[in-house]
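A short write-up of the structure that comes next.
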Amino acid sequence: MITLDDTITLEDMEKKRATLIVTMETKAQTVLAELGQNALKSGYWNNGIGQMGAYANEAGLRVLAGSNNAISFTRDVTHAYRIKAVDDDDSLETVEAAINTNGSANVDIFLSVDAADYDIDSSGSTVFKPSATMSQQTQNILDDMTSQNYAIGIKNAEKDANKPVIRANIDKNAFYALVERDDVRAIRPIGYVDPRTAQWPEEALEAAQEHGEAEIMITLRGGELFSPKTGYMSTAAIKAQANANQRAFDDILSRIGMSAPATESSANSEIGVLHTRLPFESLAKLYDGKDTRILSIELNKPVAWTTLTNSTVLLNMASAWNAGYRAAGQNIVILDTGIRKNHAFFTTGGISRITYEACFGTNGVSNGITYSSICPGQNSTWDSSPLGPQGFVGSGEPYSNLTVCNTLASLGTHDCGHGTHVAGIAAGRKSTSLVPSNLQGVGPDASIISVQVFSYNNTSPKAAVFASDVQKALESVLAAATLPGTTNPYIVNMSLGFTDYSNSSTCDNALPSVSNTVANLTSKGIPVVAATGNNSNKNGISWPACISQAIKVSSVANDVNGTALAGFANIGNPASFTGPILLAPGGSSTTTVNSSDRISTTATKLLKGTSQATPHATGIYAALKAANPTGISVADATGWIVSTGSIALTYSLPSPVNTQTYRRIRLPNL
Numbered sequence: 052m053i054t055l056d057d058t059i060t061l062e063d064m065e066k067k068r069a070t071l072i073v074t075m076e077t078k079a080q081t082v083l084a085e086l087g088q089n090a091l092k093s094g095y096w097n098n099g100i101g102q103m104g105a106y107a108n109e110a111g112l113r114v115l116a117g118s119n120n121a122i123s124f125t126r127d128v129t130h131a132y133r134i135k136a137v138d139d140d141d142s143l144e145t146v147e148a149a150i151n152t153n154g155s156a157n158v159d160i161f162l163s164v165d166a167a168d169y170d171i172d173s174s175g176s177t178v179f180k181p182s183a184t185m186s187q188q189t190q191n192i193l194d195d196m197t198s199q200n201y202a203i204g205i206k207n208a209e210k211d212a213n214k215p216v217i218r219a220n221i222d223k224n225a226f227y228a229l230v231e232r233d234d235v236r237a238i239r240p241i242g243y244v245d246p247r248t249a250q251w252p253e254e255a256l257e258a259a260q261e262h263g264e265a266e267i268m269i270t271l272r273g274g275e276l277f278s279p280k281t282g283y284m285s286t287a288a289i290k291a292q293a294n295a296n297q298r299a300f301d302d303i304l305s306r307i308g309m310s311a312p313a314t315e316s317s318a319n320s321e322i323g324v325l326h327t328r329l330p331f332e333s334l335a336k337l338y339d340g341k342d343t344r345i346l347s348i349e350l351n352k353p354v355a356w357t358t359l360t361n362s363t364v365l366l367n368m369a370s371a372w373n374a375g376y377r378a379a380g381q382n383i384v385i386l387d388t389g390i391r392k393n394h395a396f397f398t399t400g401g402i403s404r405i406t407y408e409a410c411f412g413t414n415g416v417s418n419g420i421t422y423s424s425i426c427p428g429q430n431s432t433w434d435s436s437p438l439g440p441q442g443f444v445g446s447g448e449p450y451s452n453l454t455v456c457n458t459l460a461s462l463g464t465h466d467c468g469h470g471t472h473v474a475g476i477a478a479g480r481k482s483t484s485l486v487p488s489n490l491q492g493v494g495p496d497a498s499i500i501s502v503q504v505f506s507y508n509n510t511s512p513k514a515a516v517f518a519s520d521v522q523k524a525l526e527s528v529l530a531a532a533t534l535p536g537t538t539n540p541y542i543v544n545m546s547l548g549f550t551d552y553s554n555s556s557t558c559d560n561a562l563p564s565v566s567n568t569v570a571n572l573t574s575k576g577i578p579v580v581a582a583t584g585n586n587s588n589k590n591g592i593s594w595p596a597c598i599s600q601a602i603k604v605s606s607v608a609n610d611v612n613g614t615a616l617a618g619f620a621n622i623g624n625p626a627s628f629t630g631p632i633l634l635a636p637g638g639s640s641t642t643t644v645n646s647s648d649r650i651s652t653t654a655t656k657l658l659k660g661t662s663q664a665t666p667h668a669t670g671i672y673a674a675l676k677a678a679n680p681t682g683i684s685v686a687d688a689t690g691w692i693v694s695t696g697s698i699a700l701t702y703s704l705p706s707p708v709n710t711q712t713y714r715r716i717r718l719p720n721l
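For the sequence shown, the residue numbers in my numbering are 52 to 721.
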């Protein structure tokens, strides 16, 4: 990634965007001309707000180092957000490795066409229903590909007569161009077989045997055309994928004696996820058959807890606030313990800025502990059924049992006020005077959506978030994201943490249902921002932050400098994780962050943790999206943040991470 201009502000984006696009393109072309043959002709991007990307060789890096037009350059941490082809089955890495070794690769290019109707048979094969329209759409895409400047790198291209696939030999230039086309679903070596091992965990079967049934999530492989990135697909293509997945689910269930999903079931057929409860006998049949269409079975169990352990000054927010950039028009979605809606931080003129609320909970047993949903107005899956334009009133409030909450606090968990504290950092507003000393959140004009996802044990107090509740909460955001392109005004905050992972690849396979949903949200321009965790791990990041498409946020001290990495904060090797690991003030062993507390309508509280760092980043994304009302992709927004909207901090960490440079968020002066 190359920085062309590091002075572009939020105000410039809003008021000078058309001019900026022209100016930045001129600068980018100048840099490309300097690079000449030392950069590929494809894979180039320019976000129009000061950053560009290009594939350069070693000689090209030397050119950039001596260029007066390139302010700086670094590894492109936004690259994965730009890839539109499926990349979770290692097929792209396999193709790239073949090209690096042989100069080219023989591949099948799977296309996204409106007329592709298909089924996934019992062997997992994709059976297409050929049509003249599908064939013509495939031909049209082939014609367009061969008219591009990278066409010289596409050899022996042949259209398949029965499915939307082009078989060809491609070089590196063509490969990097094709993976970023909206109409390319996947690029795989000819005859490629998904190497991922299906997950059939014994714990699900054991739970069903012990309790008579088990609540599970089933994730499909999805067939040859499957992609979780539906933001790049047409309505017709999404419908075809959803229908194929739903028919596969229906067939899988019928084979174990269930003619239809149980009433306690819910399916997101769009990305091939079914949440259901199965009796032991049915689940045992499913395990005996090990249907090849299934990628994973996930037992619904606790997968997250809260990550407990001057800030807006460090981010230079006053400059943005004074110019009117306060995230107005954006919806910050807080997945947490709920938010006290009538707190002064969230009310203006007696009206709450919490515009929607929801609750997702679970009645279940895990490790001998019985958890119960606290959602009011529960449906068959223990969630609050949405009622009216503001959701189920009261469903997004914190747990009202103060005895349980206080006991949890004494045990070092939380006092049920975690979500209220997090929301205050992201979008709280203590007064009309927007100065940091008045305890303002980062995006004080944003609307807030409170999503309570915790379930509780009251007898021996425990609190946890179940996998299905994270999944359903994220799906509810997807359901609301109805605008085209990247204009959907949502940002998701997950100050939650669980198991640590040392890389994104392993993390993605831990809970594929959630990983696919995060990828889907990203494709629609919705950042999912998550805390790296507080286990003092310097070579690992907690789930869900470790997910490839998630924005990862770790903590620095909330002091006058904001440069010291918190001892409790998880962080990892940037090369092992997709996307950047951002830093924001979340406190340290000697510093904390002050924000709203649920105890009263005016209470505040000092807390520290990556939970507190994360909403700082969430608020920045909200302000950035608000300054770009016509839409901005997660990749382009992140590119600006890691270049202009942050400062570099270098740390010497224990082996094997060693010395690494990260970016701590700080906006430029306006």
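All C-beta atoms in this analysis are idealised placements derived from N, C-alpha and C, irrespective of residue type, glycine included. Just so we're clear, the structure is a prediction, and the values are computed from it rather than from any experiment.
Check this for me: beta carbons of residue i and residue j, under 8 Å apart or not?
i, j, result
"Asn571", "Ile307", "no"
"Ser347", "Ala249", "yes"
"Asn586", "Asp551", "yes"
"Val528", "Pro666", "no"
"Tyr407", "Ile289", "no"
"Ala699", "Arg717", "no"
Quick one: what does DSSP say residue i is sitting in, helix, strand or coil?
i, result
"Ala326", "In the sequence as displayed, the identity of residue 326 is His instead of Ala. It is a strand residue."
"Ala105", "coil"
"Lys603", "strand"
"Ala664", "helix"
"Leu562", "coil"
"Pro578", "coil"
"Lys589", "coil"
"Lys656", "strand"
"Asp170", "strand"
"Met268", "strand"
"Thr398", "strand"
"Leu616", "strand"
"Val114", "helix"
"Asp127", "coil"
"Glu408", "strand"
"Thr314", "Caution is warranted here: a pLDDT of 46 is assigned to Thr314, below 50, making its placement in the model unreliable, and the coordinate value is therefore given only provisionally. DSSP places Thr314 in coil when its eight states are reduced to three."
"Ile598", "coil"
"Asp57", "coil"
"Thr74", "helix"
"Ala532", "coil"
"Asn567", "helix"
"Val178", "strand"
"Gly442", "strand"
Given the structure, does residue i come close to the ligand GDP, in the sense that its CB is under 7 Å from one of the ligand's heavy atoms?
i, result
"Asn119", "The ligand GDP is not part of the structure shown, which contains no ligands of any sort."
Any idea which residues DSSP pairs residue i with across the strands?
i, result
"Ile238", "Ile160"
"Tyr724", "This structure leaves residue 724 out entirely; the chain is present only between 52 and 721."
"Trp96", "Gly104"
"Gln429", "Ser435"
"Asn296", "Asn296 pairs with nothing; no bridge assigned."
"Asp165", "DSSP lists no partner for Asp165."
"Met545", "Leu386 and Ala581"
"Ser556", "Ser556 pairs with nothing; no bridge assigned."
"Val416", "Thr421"
"Leu634", "Ser605 and Arg715"
"Asp551", "Ser593"
"Val644", "Leu658"
(request) Determine contact between the segment 511–519 and the segment 624–641, defined as no fewer than three beta-carbon pairs at a distance below 8 Å. (result) No, they do not touch.
(request) Scan the segment 446–524 and note each continuous alpha helix (DSSP H) run of 4 residues or more that stays entirely inside, going in chain order. (result) 453–461 and 469–478, all fully within the segment 446–524.
(request) Check whether the segment 679–688 touches the segment 383–398, counting contact only when three or more Cβ pairs, one atom from each stretch, lie closer than 8 Å. (result) Contact fails: fewer than three Cβ-Cβ distances are below 8 Å.
(request) Ignoring anything shorter than 4 residues or poking outside the segment 341–381, list the alpha helix (DSSP H) runs there in chain order. (result) You should have 362–365 and 368–373.
(message) Going residue by residue through the segment 683–716, where are the continuous beta strand (DSSP E) segments of at least 3 residues, counting only ones entirely within it?
(response) Complete beta strand (DSSP E) runs here, min 3: 697–703 and 710–716.
(message) For the segment 189–207 against the segment 124–138, do three or more pairs of beta-carbon atoms, one drawn from each stretch, fall closer than 8 Å, so that the two count as touching?
(response) Cβ pair count under 8 Å is below three, so no.
(request) Would you check if the segment 524–543 and the segment 654–661 touch, i.e. whether three or more CB-CB distances between them fall below 8 Å? (result) They do not touch, by the three-pair rule.
(message) Assess contact between the segment 226–240 and the segment 157–164, defined as three or more Cβ pairs (one per stretch) separated by less than 8 Å. Is contact present?
(response) Yes, the segment 226–240 is in contact with the segment 157–164.
(request) Quick one: which unbroken beta strand (DSSP E) runs of 3-plus residues sit fully inside the segment 195–262? Chain order, please. (result) The segment 195–262 contains these whole beta strand (DSSP E) runs: 205–210, 216–221 and 235–240.
(request) Flag this pair as touching only if the segment 638–646 and the segment 602–618 have three or more C-beta atom pairs under 8 Å; answer yes or no. (result) These segments touch.
(message) Would the segment 426–442 count as touching the segment 408–418 if we require 3 or more Cβ pairs under 8 Å?
(response) Flag = yes, the segment 426–442 and the segment 408–418 touch.
(message) Taking contact to mean 3 or more Cβ pairs, one atom from each stretch, closer than 8 Å, check whether the segment 69–86 and the segment 94–114 are in contact.
(response) Two segments are said to touch when three or more pairs of C-beta atoms, one from each, lie closer than 8 Å; by this definition the segment 69–86 touches the segment 94–114.
(message) When you compare the segment 112–129 with the segment 262–273, are there three or more beta-carbon pairs, one atom per stretch, that lie closer than 8 Å?
(response) Counting C-beta pairs with one atom in each stretch, the segment 112–129 and the segment 262–273 have fewer than three that are closer than 8 Å, which means they do not touch.
(message) I'd like to know if the segment 490–497 and the segment 374–383 are in contact, where contact means that at least 3 CB-CB pairs between them fall below 8 Å.
(response) Touching, per the Cβ criterion.
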